[in-house]
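Here the structure comes first, spelled out in structure tokens, and everything after it is commentary.
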Amino acid sequence: DQQVKQNSPSLSVQEGRISILNCDYTNSMFDYFLWYKKYPAEGPTFLISISSIKDKNEDGRFTVFLNKSAKHLSLHIVPSQPGDSAVYFCAARGPSGAGSYQLTFGKGTKLSVIP
Amino acid sequence: DTGVSQNPRHKITKRGQNVTFRCDPISEHNRLYWYRQTLGQGPEFLTYFQNEAQLEKSRLLSDRFSAERPKGSFSTLEIQRTEQGDSAMYLCASSAGQGIGNTIYFGEGSWLTVV
């Protein structure tokens, strides 16, 4: 039972254009959502997050949108740069035993930005 | 470097041997997490510490796995009698708290190959 889904395994975008990465979730108890970027053989690097009480958060070229009714979030990267090429993971955090707020990850979307 | 530090970065071991990984979290982070990532999957939660107390364990953490955080600072993850299915990247992460806004930061991971 996959609670966080990233249905697009890969995405190719031209440099300078917008990249839109999508994520769907099923558990309405999730209260915080994060995006991580990962290069091969490295750990995930935190990118941006959003609380469930908000619908948008922006940080430079990165914007995350949350649609709670649709249980959907998206990450927009504008403008896309070749250095953005990596695997992007959507993660959701929700109350769990002992209040640990563990993260549940999607399988990732590989973004390729073409110069 | 004030990030999460993990070692060794790579470990190749024969089936049946024991291996131990070490994690040094960001200083003053009292929450510490272990995750495991296999090819094509997102990271999966294994266990969580608040200071020296292990508060939560995933069902993925079989009896052959044991994690400790003896003084509430660094942590070790030991795998006994390794199996080929244990081959994965083991990720350590830490956070300052559990409230919204306390981002979980990951280390670079420890690759385990069981031959």
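Protein sequence lines, in the order shown, are assigned to chains W and D. Residue numbers for the first sequence follow this note's numbering, so the first one is 71 and each next one is one higher. Residue numbers for the second sequence follow this note's numbering, so the first one is -16 and each next one is one higher. Ideal Cβ positions, reconstructed from N, Cα and C, are used throughout, including at glycine.
- At a cut-off of 9 Å between beta carbons, P26 of chain D contacts chain W.
- Secondary structure of Q67 of chain D (DSSP, three-state): helix.
- In the structure shown, the three-state DSSP call for D125 of chain W is coil.
- The distance from the Cβ of G164 of chain W to that of D101 of chain W is about 6 Å, consistent with a contact at the 8 Å cut-off.
- Between the alpha carbons of V157 of chain W and E91 of chain D lies a distance of about 15 Å.
- Residues S119 and A161 of the same chain have their beta carbon placed closer than 6 Å to that of L104 of chain W, with the five preceding and five following residues left out of the count.
- Of W:F135, W:F116, W:K107 and W:D129, the smallest CA-CA separation from D94 of chain W is found for W:F135.
- Take the alpha-carbon of T86 of chain D and the one of N1 of chain D: they are about 32 Å apart.
- The secondary-structure analysis by DSSP pairs R163 of chain W across a beta bridge with W:Y102 and W:L173.
- Rounded to the nearest angstrom, the Cβ distance from G176 of chain W to G25 of chain D is 5 Å, consistent with a contact under 8 Å.
- Listed along chain D is no residue with a C-beta nearer than 8 Å to that of G130 of chain W; the closest approach is about 16 Å.
- By the neighbour-count criterion, in which 16 or more other beta carbons inside 10 Å mark a residue as buried, V148 of chain W falls on the exposed side.
- Sequence-distant Cβ neighbours of L38 of chain D in its own chain, meaning closer than 6 Å and more than five residues away, are Y31.
- In the structure shown, D94 of chain W falls within a strand segment according to DSSP collapsed to helix, strand and coil.
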